[in-house]
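My numbering puts the first residue of the sequence shown at 1, with every later residue one more than the last.
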Amino acid sequence: MNSGTSRREFLGTLTAFSLFPLEQQKPDLILYNGNILTVNDREPRAEAVAIRRDRFLAVGSDADVLHLSTAGSKKIDLGGKTVTPGFIDAHSHPAEAGLMHLRMVDCDLRSISAIQAALRERAVKTPPGEWVLGFKYDDTKTEEDRPLTVADLDAAAPDHPVHIEHRGGHTTYSNSLAFRKAGIDEKTPDPPGGKIDRDPATGKLTGRVAESANDLFENAIPQNFTRDDHREGVKLISKMLARTGITSATEAQGTPTDLLAYQDAQESGDLLYRAYCFINFHFLDAMIAAGNRTGLGDEWVRVGAVKLVCDGSISERTARLSTPYEGRPNDYGILVMTEEELYTHGRKAHLAGWQIGTHANGDVAIDTTLRVYERLQKESPRRDPRFRLEHCTVVSQGLIARIKALGAIPTPFSTYVYYHGEKMRYYGAERLNHMFALRSFIDAGIRPTQASDYPPGEFIPMMALQSEVTRTDTKGNVWGPKQRITVEEAIRVGTLNGAYASYEENLKGSIEAGKLADLVVLDRDPLKENPSTLVTIPVERTMAGGRWTFES
Ligand SMILES: [Zn+2]
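Below, the structure written as structure tokens:
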């Protein structure tokens, strides 16, 4: 640390805070003897922080900060441990995932027989005829190396309708009774924007259903979650996120129910991360009529962008691409909304002062979404719309130039290369150099974020760092090495850039006096770690708003 610089900065800080009465300058807590990576360009390294209520009061050297200590200040020796700002998961589905963990069978298992056993166990405890629901199933991760079938699920629970969501969230797998309850048989036509898979030889249902065809099941499955269940879901996922160092997350497909669940969890003291709650476009009219828009709320629960969806998913290989999937010459993926639909919803939101976040994975979907954003901004310019491209996976130089020109924000998957390596071959080595394109975004002056999309992706920030820095999967395969970034860049992507994506860069995302006291204490320094073991760095403690949300 350059102490001359730090002292100057520190004095600047003190001046700013002397505007407050002396009483308010007394720290409640001082953390010292740390290796603090602040993500603040004016003072990148520090040894200590002073915290008053939920904010950083001072950041600097041990001597400078300890000097502020009073009789009432608690002091914690960090023992040289590394501290970063709290991580921000800029696209995830935590409230939804929390409910799933409460109610559904976790099918993140490595064989079909293990999944059958888990379903059987749940069926025994469930009255016959009632739904047995599963989630986090992944067709590429079971040892049988084939997808689940109707027969597999019939064998596991013949007397219960069984419905399992792929961890990507865009496809589902059901048994015979579930299809009957949903009113689907071999003759049911594919709905627009959806697909009911049939065996090409026999015409029989395979069990798999994609995209909008899933609505047929959603209508048949009773949605009997209570208000308390929703709060419990947030409580459960809060603990899961906090132990990995996450202090903020975007609910990327939120509803008014989620917004309420977040407020309930905050009130009961169970909310351990700051929620930026997107609102699904179906609720846009009601939200606008009620006077809501992006930014309403406080540091814990805030109304986020309106969510639109342009195409399919990367993990389930339904993203809309300009060139076909490897080995599937006629498969270009699926578009979910037309350009006109995106424009109609987008215009309404744009004029009402909402940020827009559009799910766009493939290059065709990104091109379409950008054209809509460009048109909105041309017709009705807004000063700082911060249009978001959710996922923004497959890009080109042309698309990157347009993203930069528009000031749009990509939220690429952070852990996919590492965690979903076995799916990468469907995209091919050449295309992978243009996917999750952090190097290209950063070089172009764009501010990409860290984003798990959990449940589809894992949310562990240290895994995100490893994936982004090494572009290597768990088996050692390298995917798209041209997009590697440095550990320092990856930390910024996971912190300050996430704050910018929700208009909160002056409130959080770096360790600076005046900002919210959100931080993570790590057992080892990521900057000194072998990049291939970043994922193994333990999180010692997590703090959000001056309160420890996790202590190991
Ligand atoms: Zn998502």
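C-beta: ideal position from N, C-alpha, C; glycine also.
Treat the numbers as computed from the prediction; the structure is a model and nothing was measured.
Around ligand 1, which residues pass a check of Cβ closer than 5 Å to any of its heavy atoms?
Taken from the N-terminal end onward, the list reads A252 and D453.
Excluding the 5 residues preceding and the 5 following Q450 in the sequence, name in chain order all residues of the same chain whose CB lies nearer than 7 Å to its CB.
If we look at Q450 and ignore the five residues flanking it on each side, its Cβ neighbours are F87, I88, D89, A90, S414, P461, A464, V493, G494 and G498.
Is S176 helix, strand or coil by DSSP?
Correct three-state label for S176: helix.
Rounded to a whole number of angstroms, what is the C-alpha to C-alpha distance between G139 and G207?
It is worth fixing the name first, because residue 139 is Asp in this sequence and not Gly. Rounded to whole angstroms, D139 to G207 spans 13 Å at the Cα level.
Which word fits L124, buried or exposed, when buried means at least 16 other C-beta atoms lie within 10 angstroms of its C-beta?
Looking at the sequence itself, residue 124 is Val, so the reference to Leu does not match. Result: exposed.
On a CA-only basis, which of Y503, K475, A252 and S69 is nearest V306? Give me that one, please.
Measuring from the Cα of V306, the nearest candidate turns out to be A252.
What did DSSP end up calling G398 once you bin it into helix, strand or coil?
The answer is helix: DSSP assigns G398 an H, G or I state.
What is the rounded straight-line gap between the Cα of R7 and the Cα of I366?
Confidence in R7 is poor, its pLDDT being 41 and thus under 50, which makes the residue's placement too unreliable to answer from.
Quick check on DSSP: helix, strand or coil for F87?
DSSP places F87 in strand when its eight states are reduced to three.
Mark G445 as exposed unless 16 or more other C-beta atoms lie within 10 angstroms of its C-beta, in which case mark it buried.
By the neighbour-count rule (16 or more Cβ atoms within 10 Å), G445 is not buried but exposed.
Within its chain, find whatever has a CB closer than 8 Å to the CB of G327; leave out the 5 residues flanking it on each side and keep chain order.
If we look at G327 and ignore the five residues flanking it on each side, its Cβ neighbours are Y426.
Assuming R122 is part of the alpha helix (DSSP H), what are its boundary residues?
R122 -> alpha helix (DSSP H) spans I112 to V124.
Compute the Euclidean distance between the alpha carbons of G546 and I51, then round it to the nearest angstrom.
So the two alpha carbons sit approximately 7 Å from each other.
Let me know the secondary structure DSSP gives R8 once reduced to three states.
Per-residue confidence for R8 stands at a pLDDT of 42, beneath the threshold of 50, marking its modelled position as unreliable; no derived number is given.
Just tell me which of P94, L236, L321 and Y500 has its CA closest to the CA of A408.
That would be Y500, whose Cα lies nearest to the Cα of A408.
My parser needs the alpha helix (DSSP H) runs of 4 or more residues fully inside the segment 226 to 308; what are they?
Entirely contained in the segment 226 to 308, the alpha helix (DSSP H) runs reaching 4 residues are, in chain order, 227 to 242, 256 to 267 and 284 to 289.
With which residues is K181 paired in a DSSP beta bridge?
K181 pairs with nothing; no bridge assigned.
Determine the direct distance from the alpha carbon of L133 to that of D363, and round the result to whole angstroms.
Cα to Cα, D363 sits roughly 33 Å from L133.
Enumerate in chain order the residues of its own chain whose CB-to-CB distance from P161 is below 6 Å, with the five nearest sequence positions on each side excluded.
Excluding sequence neighbours, P161 sits near W131, L177, A178 and K181.
How about H163 and I221: do their beta carbons lie closer than 8 Å?
It is a contact, given that the beta carbons lie within the stated cut-off.
If you drop the 5 nearest sequence neighbours on each side, which residues of the same chain put their C-beta closer than 7 Å to that of Y32?
Excluding sequence neighbours, Y32 sits near E47, A48, D62, V65, L66, K75, D77 and L78.
When we look at the beta-carbon of H350 and count the other beta-carbons within 10 Å, is it buried (16 or more) or exposed?
With 16 or more Cβ atoms within 10 Å of its Cβ, H350 is classed as buried.
Does DSSP put M104 in a helix, in a strand, or in coil?
It is coil, neither helix nor strand.
Kindly indicate which residue of Y137, V394 and R103 has the alpha-carbon position closest to the one of T126.
Minimum Cα distance to T126 is reached at R103.
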